[in-house]
Every structure is written in C-alpha cells, then in structure tokens.
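Going by numbering that gives the first Met the number 0, the sequence shown opens with residue 0, and the numbers climb by one from there.
Glycine residues also receive a C-beta, built at the ideal position from the N, C-alpha and C atoms.
Worksheet: the structure to be examined is printed underneath.
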Amino acid sequence: MSIDFKDKVAIVTGAGGGLGREYALELGRRGAKVVVNDLGGSRDGTGTSDMAAQVVEEIEKAGGEAIANGASVTEYDQMEKMVADAKQKWGGVHILINNAGVLRDKTFAKMEPADFEFVVKVHLTGSAMATKACWETMREQAYGRILMTASSTGLFGNFGQANYGAAKLGLAGLTKTLQLEGAKYNIKVNTLSPVAGTRMTEDLFPEEAFKLFDPVNVVPAALFLVSEDAPTNAIVGAGAGGYHSAWTVMNDAVWLPEDQRTVEGFAENWDKISDFSNLIAPQSGSEQSGSILKAMQKVLGDSVPTSTRG
0 MSIDFKDKVA IVTGAGGGLG REYALELGRR GAKVVVNDLG GSRDGTGTSD MAAQVVEEIE
60 KAGGEAIANG ASVTEYDQME KMVADAKQKW GGVHILINNA GVLRDKTFAK MEPADFEFVV
120 KVHLTGSAMA TKACWETMRE QAYGRILMTA SSTGLFGNFG QANYGAAKLG LAGLTKTLQL
180 EGAKYNIKVN TLSPVAGTRM TEDLFPEEAF KLFDPVNVVP AALFLVSEDA PTNAIVGAGA
240 GGYHSAWTVM NDAVWLPEDQ RTVEGFAENW DKISDFSNLI APQSGSEQSG SILKAMQKVL
300 GDSVPTSTRG
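Right, here's the structure in full:
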C-alpha cells in the first residue's frame, strides 16, 4: 500500500522547524502542495525569521510545490488570508496540520497570568482560528483532514506546564466536537500527541534521548492521520519509533436511590463509582447521560419511563 497526497493542498502551521518542517517536507515528497506557515519566532513566541522560506526551498529542490506564509495563528484575519491565498493558487485546502506552538514553563505559583493566557492563545485559540479559516472550504468541497497537536502534558499532566497542559487537553476536546460536526462533510479530525527532540524540547531531554526522539519518527503517524483513509476522533501518541492510542474513557454509572444522594451516600459508594473496570470510550457526550439512564433502569426496571431509557 502506498499513501500519496497528489492533488491535495496542505497547510502546516509552525512548519519552519522541528515537527512541522518534517511534516511539510514529507507531504511535499508525497505530492501535496504545501503552505509552510511559520511566524519564525523563538519557542517563547518572540522574534521572527525566514524559516518558512527555507523549508519551501527544500521542498522545491526536491521537485515539490510550496509557498511560505508568515501569518500568526492567533490572528483570524491572517488565517483567512492564508487560506484565500492557497485557494487562489491551487484551488482548495484539503489538509490542515495545527502544529504551531510556544512554551513558557513555570510552576503555577510563579506563572504570570499573561504567560498562561498567551500559551493558551497560541495553542488552543490559534488552532481553532486556523481550523475555522479552513472549515467552510472543507465543507464545500466535501473533504477535509485536520490534525490537532496535543501533548502528554495535556493528556496526563506535567510539572511546571499548567498553561501548556490546559491548552493541549483543550485541543483534544476541540477534536471530539469537530469530528462530529464534520462527519457528514467527509471532514476527519484527529489528535496527535508527539514526543520529539525539537527547539521546544531541547533542554528537556538528555543529549542521547534528544537524538533518539528525532521528529522524523513522528511523521508516519501524523501523515496517516491526515490521509484519505484516516480514522476520525483518534488520539495517537508517537515518538522514537513507538506508537500508541489513547482514549477518554468512563466506567459504568452507579445509580444512587434518592435517600443515598447525600455527601455521605456518595462517599460510601466511592469505591464503586471510582472502580477502574467496565471502561468504555464514548464517541459523543450524550453517552454519559445514556450510561446514567442505563444504571437507573438496572435498579428500577420497568418503572423507568420509556422515553428516558438509554
């Protein structure tokens, strides 16, 4: 099986270096026309550079087509123009990889509110703005593949990264709603949690580990998740040649009779409520209420009105 992106137009944000650069280069090799977006700032979001133009040059030297774009993902009008420019040049936008990001790590006690707000704005709001700018085009052409970049920090937590973790888990939540809204338009939305040695992480890894976690090892997962036959609503982890899936899961609901719905009653049932078994991965939020109705029916049986049965 060979996966190519011929006749597809792809936008990769934060593509001037690291993961984004590797995504853009491989998309170009496989036939996509690539918008290489990068503001060019340092990892804390300051400064500018011509990194995007350098990646475009690499893609063109290899025989591909690409254009550089220096727009900020936090500015919606700039994202709209980026999409309009791509459509004018190539006729559409089929793939969006939301990869742009910054770090401003500090413990929550020492973190300034502005640093929290800025990191959330770039990662979460920026991804939403880039996606919104593409959304109507993808609906009209009945085709779209969107990848959000989450993180193990968002999924599982990490000391000193409250701002980053909040944004990254938010992206997984954004994916879960957009994959529902995009389904009938053949828009598939997935979440990637990469582990890679880049300028964002260069002082977080020992030297040998930094080399082991080469960004190129994340590319297979990223490009599969934006391919024609991609799944939707997946959360995939990738790094150093290891790949896994992650899920947002819940256990079976425990239904408490009215006389047990007290703080003490909840405490007495906590072992059952927190039981790490019978786990399911809901595909929409409505399954939570469905689980509660199912638990109620188990206790009350036919006394549960038909209209409320899950």
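* Asked: Mind checking whether S71 and L38 have CB atoms under 8 Å apart?
  -> Translated into positions along the sequence shown, residue 71 becomes position 72. Translated into positions along the sequence shown, residue 38 becomes position 39. Contact: yes.
* **Beta-bridge partners of N268, as assigned by DSSP** => By one-based count along the sequence shown, residue 268 stands at place 269. BP columns for N268 are empty, so no partner.
* Which first and last residues belong to the beta strand (DSSP E) in which P193 is found? -> For this step, residue 193 is matched to residue 194 along the sequence shown. I186 to P193 is the extent of the beta strand (DSSP E) around P193.
* Asked: In chain order, what residues of the same chain have a beta carbon less than 7 Å from the beta carbon of T124, not counting five sequence neighbours either side?
  -> Locating residue 124 in the sequence shown gives position 125, counting from the first residue. Counting only Cβ-Cβ distances below 7 Å, and skipping sequence neighbours, we find T73.
* Where does G46 sit, in a helix, a strand or coil, going by DSSP? -> In the sequence shown, residue 46 corresponds to position 47, counting from 1. Reliability of the predicted coordinates at G46 is poor, the pLDDT of 49 falling under 50, and the value obtained from them is presented with this limitation in mind. Reduced to three states, the DSSP call for G46 is coil.
* With 16 as the cutoff for other CB atoms within 10 Å, does E257 come out buried or exposed? -> As a working mapping, residue 257 is identified with position 258 in the sequence shown. Exposed is the call here.
* **Three CB pairs or more closer than 8 Å across the stretch 213-221 and the stretch 19-37** => yes
* DSSP beta-bridge partners of Y242 -> In the sequence shown, the residue the question calls residue 242 occupies position 243. DSSP output for Y242 lists A237 as bridge partner(s).
* the stretch 138-149 touching the stretch 182-194, judged by at least three CB pairs closer than 8 Å -> yes
* Name, in chain order, the residues that DSSP records as bridge partners for V72. => Residue mapping note: residue 72 aligns to position 73 of the sequence shown, counting from 1. In DSSP, V72 forms no bridge with anything.
* Whole runs of the beta strand (DSSP E) within the stretch 131-184, excluding any shorter than 3 residues -> 143-148
* Limits of the beta strand (DSSP E) - the one that L95 falls within -> Along the sequence shown, one-based indexing puts residue 95 at 96. That run of the beta strand (DSSP E) goes I94 to N97.
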